[in-house]
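Read the structure below first, then the notes.
There are 2 protein chains.
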Amino acid sequence: MSDTKQRLLDGAMETLRKQGIAGVSARNIAGQAGVNQALIFYHFGSVDDLLVAACTAATGERVAAYRERFATVGSLRELLEVGRALHEEERDLGNVAVLAQMLAGAQHDEKLARVTAETLGMWTAEIESVLHRVLAGSPFAEMADVPGLAAAISASFVGLELCEGVDRPGAQRAMAALEQLGALLEVVEELGPVARRALRSKVSKAAARRG
Amino acid sequence: MSDTKQRLLDGAMETLRKQGIAGVSARNIAGQAGVNQALIFYHFGSVDDLLVAACTAATGERVAAYRERFATVGSLRELLEVGRALHEEERDLGNVAVLAQMLAGAQHDEKLARVTAETLGMWTAEIESVLHRVLAGSPFAEMADVPGLAAAISASFVGLELCEGVDRPGAQRAMAALEQLGALLEVVEELGPVARRALRSKVSKAAARRG
DNA sequence: GTCTATAGCTGGATAGAC
DNA sequence: GTCTATCCAGCTATAGAC
Chain U
0 MSDTKQRLLD GAMETLRKQG IAGVSARNIA GQAGVNQALI FYHFGSVDDL
50 LVAACTAATG ERVAAYRERF ATVGSLRELL EVGRALHEEE RDLGNVAVLA
100 QMLAGAQHDE KLARVTAETL GMWTAEIESV LHRVLAGSPF AEMADVPGLA
150 AAISASFVGL ELCEGVDRPG AQRAMAALEQ LGALLEVVEE LGPVARRALR
200 SKVSKAAARR G
Chain C
0 MSDTKQRLLD GAMETLRKQG IAGVSARNIA GQAGVNQALI FYHFGSVDDL
50 LVAACTAATG ERVAAYRERF ATVGSLRELL EVGRALHEEE RDLGNVAVLA
100 QMLAGAQHDE KLARVTAETL GMWTAEIESV LHRVLAGSPF AEMADVPGLA
150 AAISASFVGL ELCEGVDRPG AQRAMAALEQ LGALLEVVEE LGPVARRALR
200 SKVSKAAARR G
């Protein structure tokens, strides 16, 4: 990978971070990367294609960096703790913001939508594998839709990041509330058989209502 | 309110809906509204100010329209059901998408950030008041941070909307998983005193860890 | 209040020198 | 591979006729 290509990939991410999807342009990215604007078209063909390439490359790196940390998680509470730490670090690095901006842009950009779905999928798959491990042998494992739960967690983090940008105290309170919910789930895991049966029945009924 | 001003307000929302925050421009909005582009500056001063005005006006209308429906909610499960119905309707109308685009734009636009925080706050306040009513007399009421929970629910809906744009099946599965979680909370509400004490203790410990 | 016209800028993208 | 120069479209915003 030539130095210029790498600088452009980094510059694209940095621009998305600092200026958002509305601020992405060939000139902004080239300025951030410290290279000539025309090189974007020489190396990547278009701004859109550079953005796609940059998102693909960046996410692979981040997920790999966190895989190790996810591997140490052994309970729901720990998952939420690691999740919060991860969210805070990634937020400070600006990476959750990048994903949020990608998602916003992807709503009206087919190519960006494809790569963003992949990016999101990488995180969700990581969360899902942790959930499977953490929920092994718990009453949830037999009734919960683990992939669905993983997707819900991903989505919530994205939403929290965006909300944090306009109301930081509110978002932090929301994160704390989700941790309370995690603590609650742990208690449910330790329920006796009667309550467990009632639980399963209720959840089944809810599933039936959805059809 | 003159017809032109109203057309511009509607046109701004419609543009945000159809083209996203990156597609917002005086020409796009005026085209959508079917009026001359220069009138934006005559009536609102700038595109940014029009956007702010439009968001303010539109949200007030939507929240008022749903207040009645929220008022009939009497349980957590019902809240999730109304929430899902509301989300589907608002999604089809494109209103959640508008909020998501506003949040994305607000990350790098001070004026938009202020009005978006207000918009988000209106929805969160509505959810919060329902939560207070629904949780009255339940074990949650004494320990849960209801405003935090309301903020978490708002944030999750925003995240789900964005994720739905790139992975609809995944987002729908996530929504279903959240409903399972709601069914679960209802069971917890019916716990006996022993489990309830254990629950409170766990949640307190989690709170202490957060410091 | 609404229009046309336009200034002045920034955008994507390309041609062609080196 | 990288640069300069440039085209043309689209952008915000204003001036001035009506």
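Sequences listed follow chains U and C, in order. So for the first sequence, numbering that gives the first Met the number 0 puts the first residue at 0; every next one is plus one. So for the second sequence, numbering that gives the first Met the number 0 puts the first residue at 0; every next one is plus one. Glycine residues also receive a C-beta, built at the ideal position from the N, C-alpha and C atoms.
Write down the C-beta distance between VAL133/U and LEU78/U rounded to the nearest angstrom, noting that I regard them as a contact closer than 8 Å. Indeed, because the Cβ distance is near 6 Å, the residues count as touching under 8 Å.
Taking the straight line between their C-alpha atoms, what separation do you get for GLY164/U and ALA143/C? Inter-residue distance for GLY164/U and ALA143/C is about 24 Å (C-alpha atoms, whole angstroms).
Can you tell me whether HIS131/U is buried or exposed? The criterion is at least 16 other CB atoms within 10 Å of its CB, across all chains shown. By the neighbour-count rule (16 or more Cβ atoms within 10 Å), HIS131/U is not buried but exposed.
Three-state secondary structure assigned by DSSP to GLN100/U: Per DSSP, reduced to three states, the secondary structure at GLN100/U is helical.
Using 8 Å for Cβ pairs, my map puts LEU298/U next to PRO138/U. What's the rounded Cβ distance? Limits of chain U in this structure are 0 at one end and 210 at the other, which puts residue 298/U out of reach.
Could you have a look at ASN35/U and say whether DSSP puts it in helix, strand or coil? Reduced to three states, the DSSP call for ASN35/U is coil.
For GLY136/U, name the three-state secondary structure that DSSP assigns. The DSSP-derived three-state label of GLY136/U is coil.
For LYS201/C, which residues in chain U fall below 8 Å Cβ to Cβ? By Cβ distance, chain U contributes ALA182, LEU183, GLU185 and VAL186.
How long is the line joining the alpha carbons of GLN106/U and GLN18/U, rounded to whole angstroms? Rounded to the nearest angstrom, the two C-alpha atoms are 18 Å apart.
Residues of chain C with a CB under 9 Å from the CB of CYS54/U: which are they? Chain C residues near CYS54/U: none, gap ~12 Å exceeds 9 Å.
Element boundaries [alpha helix (DSSP H), containing GLN171/U]: It spans 167 to 188 - the alpha helix (DSSP H) in which GLN171/U sits, taken as one unbroken run.
Please list the residues of the stretch 157 to 172 of chain U that have a C-beta atom closer than 7 Å to any C-beta atom in chain C, keeping them in chain order. Under the 7 Å Cβ criterion, the stretch 157 to 172 of chain U contributes VAL157, GLY158, LEU159, LEU161, CYS162, GLY164, VAL165, ASP166, GLY169, ALA170 and ARG172.
Taking DSSP as the reference, what is the three-state secondary structure of SER128/U? Helix.
Chain C partners of GLY147/U, CB-CB under 7 Å? Taking a Cβ-Cβ cut-off of 7 Å, the neighbours of GLY147/U in chain C comprise ARG172, ALA173, ALA175 and ALA176, given in sequence order.
Within the 9 Å Cβ cut-off, does GLY136/U reach chain C? GLY136/U does not count as touching chain C.
Stretch-stretch touch, CB-based, cutoff 8 Å, three pairs: the stretch 16 to 34 of chain U with the stretch 72 to 90 of chain U: Result no; under three Cβ-Cβ pairs closer than 8 Å.
Would you please verify whether the beta carbon of THR115/U is less than 9 Å from any beta carbon of chain C? Contacts with chain C at 9 Å (Cβ-Cβ) include THR115/U.
Do we get a CB-CB distance below 9 Å when we pair GLU141/C with the residues of chain U? So, not an interface residue.
Do you know how far the Cα of VAL157/U is from the Cα of VAL95/U? Rounded to the nearest whole angstrom, the C-alpha separation of VAL95/U and VAL157/U is 7 Å.
Using a 10 Å radius around the Cβ and a threshold of 16 neighbouring Cβ atoms, would you call LEU92/U buried or exposed? Per the 10 Å Cβ criterion, exposed.
Residues near LEU38/U in its chain [Cβ-Cβ closer than 8 Å; skip 5 each side]: Taken in chain order, the residues that qualify are THR3, LEU7 and ALA29.
CB contact below 9 Å: SER155/U versus chain C: Using beta-carbon distances, SER155/U counts as an interface residue toward chain C, with a partner under 9 Å.
Relative to the alpha-carbon of VAL62/C, which residue among SER74/C, SER200/C and TRP122/C has its alpha-carbon at the smallest distance? Minimum Cα distance to VAL62/C is reached at TRP122/C.
Taking one C-beta from the stretch 166 to 178 of chain U and one from the stretch 171 to 180 of chain C each time, how about it: are there three or more such pairs within less than 8 Å? Below 8 Å, too few C-beta pairs join the stretch 166 to 178 of chain U and the stretch 171 to 180 of chain C to call them touching: fewer than three.
Show which residues of chain U have a CB atom less than 7 Å away from the CB atom of LEU198/C. Going along chain U in sequence order, the residues near LEU198/C (Cβ under 7 Å) are LEU183 and VAL186.
Below 9 Å between beta carbons: does that hold for ALA149/C and ILE126/C? Taking the C-beta atoms as reference points, ILE126/C is found nearer than 9 Å to ALA149/C.
Compute the Euclidean distance between the alpha carbons of VAL186/C and ILE20/U, then round it to the nearest angstrom. So the alpha carbons of these two residues sit roughly 43 Å apart.
Which residues bound the alpha helix (DSSP H) around GLN106/C? Neither: GLN106/C is in no alpha helix (DSSP H) and is coded neither H nor E.
Kindly say whether VAL23/U, judged by its beta-carbon, lies nearer than 9 Å to any beta-carbon of chain C. Residue contact with chain C for VAL23/U: present (Cβ-Cβ distance below 9 Å to some residue of chain C).
Classify GLN100/U: buried if its beta carbon has 16 or more other beta carbons within 10 angstroms, exposed otherwise. Looking at its Cβ environment, which holds 16 or more other Cβ atoms inside 10 Å, GLN100/U is buried.
For GLY33/C and LEU75/U, what's the separation of their Cα atoms in angstroms? For GLY33/C and LEU75/U, the distance between alpha carbons rounds to 54 Å.
Return yes when the Cβ of LEU159/U is within less than 9 Å of the Cβ of GLY169/C, no when it is not. Not a contact, by the Cβ cut-off of 9 Å.
Kindly list, in the order they appear in chain C, the residues whose Cβ is closer than 9 Å to that of GLY28/U. Checking the displayed sequence, the identity of residue 28/U turns out to be Ile instead of Gly. Listed along chain C is no residue with a C-beta nearer than 9 Å to that of ILE28/U; the closest approach is about 14 Å.
Indicate whether LYS204/U and ALA182/C have their beta-carbon atoms separated by less than 9 Å. Result yes, Cβ atoms of LYS204/U and ALA182/C sit closer than 9 Å.
Is the CB of ILE20/C under 9 Å away from at least one CB in chain U? The beta carbon of ILE20/C falls within 9 Å of a beta carbon belonging to chain U, placing the residue at that interface.
At what residues does the alpha helix (DSSP H) containing ASP48/U begin and finish? Taken as a continuous stretch (DSSP letters only), the alpha helix (DSSP H) holding ASP48/U covers 46 to 70.
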